[in-house]
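Undergrad: In this text, residue positions in the sequence shown follow our numbering: the first is 156, and each later residue adds one.
Quick reminder that beta carbons are idealized off the backbone N, C-alpha and C, glycines included.
None of the values given here were measured: they were computed from a predicted structure.
Once you've had a glance at the structure underneath, I'll fire off some questions.
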Amino acid sequence: MIKLINVSKSYLKNIEILHDINLYIEAGEFVSLVGQSGSGKTTLVKVLIGEERVGGGRVIIGDWDITRISKREVPYLRRQIGVIFQDFKLLPKKTLWENVAFALEVCGQSPAKIEKIVSSVMRLVGLEDKKNRYPHEVSGGEQQRTAIARALVHQPKILLADEPTGNLDSINANEIIDLLERINKFGTTVILVTHNREIVNQLKKRVITIDNGKVVSDQEKGKYLL
Numbered sequence: 156m157i158k159l160i161n162v163s164k165s166y167l168k169n170i171e172i173l174h175d176i177n178l179y180i181e182a183g184e185f186v187s188l189v190g191q192s193g194s195g196k197t198t199l200v201k202v203l204i205g206e207e208r209v210g211g212g213r214v215i216i217g218d219w220d221i222t223r224i225s226k227r228e229v230p231y232l233r234r235q236i237g238v239i240f241q242d243f244k245l246l247p248k249k250t251l252w253e254n255v256a257f258a259l260e261v262c263g264q265s266p267a268k269i270e271k272i273v274s275s276v277m278r279l280v281g282l283e284d285k286k287n288r289y290p291h292e293v294s295g296g297e298q299q300r301t302a303i304a305r306a307l308v309h310q311p312k313i314l315l316a317d318e319p320t321g322n323l324d325s326i327n328a329n330e331i332i333d334l335l336e337r338i339n340k341f342g343t344t345v346i347l348v349t350h351n352r353e354i355v356n357q358l359k360k361r362v363i364t365i366d367n368g369k370v371v372s373d374q375e376k377g378k379y380l381l
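Set out below in structure tokens:
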């Protein structure tokens, strides 16, 4: 569950990036968050993952009020929210397997547990046979699937995909969306931030539209309006 109550955010006194945002996203939903560049959606994403603090209002993730989250607490929040980026952010000198395992190694997990979890998520994203390859040896779609596997190792309740298909062709993009839908069916809340009109319209799921820092539309089975 995600709840934003009267959320506002300003970077300068006279420039309000988010204005009076009120949103409720239920556990297990698949939501597309759309808006043009400069609309405020990137700032909203940063608020949800604890990278930015709000200027006013409250932000609640599950039963955790993160409105005034400290830097020390952010790593714990990121284990509840898996994040996928447009540019994959893989380590070039590590294999796909090592990239996924690294997210557990830094948390001090045992080798046996790492083996079990990484095997499971690599199988889920369909990369068991390419686990020993390096990022430059696989396609962009396979790199993004590796990034998704890495985001899943902590079994997050929420998966936030920030323009996950931005660097992919239409075939790979559709494969990534199919994978996100499959993950959603397991009960994970998925928030898809995208400019891709075609994908949003094909999904026929909830669409939240941000414009000038405000929620201008919230459709249960919506389309990309802007």
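Classify Lys201 as helix, strand or coil using the three-state DSSP reduction.
TA: Note: Lys201 maps to helix in three-state DSSP.
Undergrad: Residue ranges of each alpha helix (DSSP H) run of no fewer than 4 residues wholly in the segment 306 to 355, ordered along the chain?
TA: Counting only runs of 4 or more, we get 325 to 340.
Undergrad: Taking 7 Å as the cut-off, is the beta-carbon of Val189 closer than that to any non-hydrogen atom of the ligand SAH?
TA: You won't find the ligand SAH in this model; it holds no ligand whatsoever.
Undergrad: At a cut of 8 Å, does the segment 185 to 192 reach the segment 356 to 364 through at least three beta carbon pairs?
TA: With a cut-off of 8 Å, the segment 356 to 364 and the segment 185 to 192 count as touching, because enough Cβ pairs lie within range.
Undergrad: Tell me where the beta strand (DSSP E) around Lys158 begins and ends.
TA: 157 to 167 is the span of the beta strand (DSSP E), which, as asked, contains Lys158.
Undergrad: At what residue ranges does the segment 218 to 286 contain a whole run of the beta strand (DSSP E), taking only runs of 3 or more?
TA: The qualifying runs are 236 to 239.
Undergrad: Go ahead and pull the three-state DSSP assignment for Gly212.
TA: In this structure, Gly212 counts as strand in the three-state DSSP scheme.
Undergrad: Do you know whose CA, among Ile180, Ile172, Glu228, Lys271, lies nearest Ile313's CA?
TA: Ranking Ile180, Ile172, Glu228, Lys271 by Cα distance to Ile313 puts Ile180 first.
Undergrad: Nearest by alpha-carbon distance to Asp242: which of Thr197, Ala302, Trp219 is it?
TA: If we check each option's Cα against that of Asp242, Ala302 comes out closest.
Undergrad: Among Gly377, Asn327, Met156, which has the Cα closest to the Cα of Leu358?
TA: Nearest of Gly377, Asn327, Met156 to Leu358, Cα basis: Gly377.
Undergrad: Is it true that the CB of Thr198 sits closer than 8 Å to the CB of Ile239?
TA: Going by C-beta atoms, Ile239 is not nearer than 8 Å to Thr198.
Undergrad: Quick check: the Cα distance between Asn161 and Lys369, rounded to an integer number of angstroms?
TA: Their backbone Cα atoms lie some 11 Å apart in a straight line.
Undergrad: In whole angstroms, give me the CA-to-CA distance for Ile354 and Ile332.
TA: Looking at the two C-alpha atoms, the distance is approximately 8 Å.
Undergrad: If you drop the 5 nearest sequence neighbours on each side, which residues of the same chain put their C-beta closer than 8 Å to that of Asn177?
TA: Closer than 8 Å at the Cβ level, and outside the excluded window around Asn177, lie Leu159, Ile160, Asn161, Val162, Val370.
Undergrad: Between Gly296 and Asn327, is the Cβ-Cβ spacing less than 8 Å?
TA: Yes. Within cutoff.
Undergrad: Kindly indicate the opening and closing residues of the beta strand (DSSP E) around Leu188.
TA: Unbroken beta strand (DSSP E) run through Leu188: 185 to 189.
Undergrad: Beta carbon of Met156, beta carbon of Gly217: below 8 Å?
TA: Yes, they are a contact pair.
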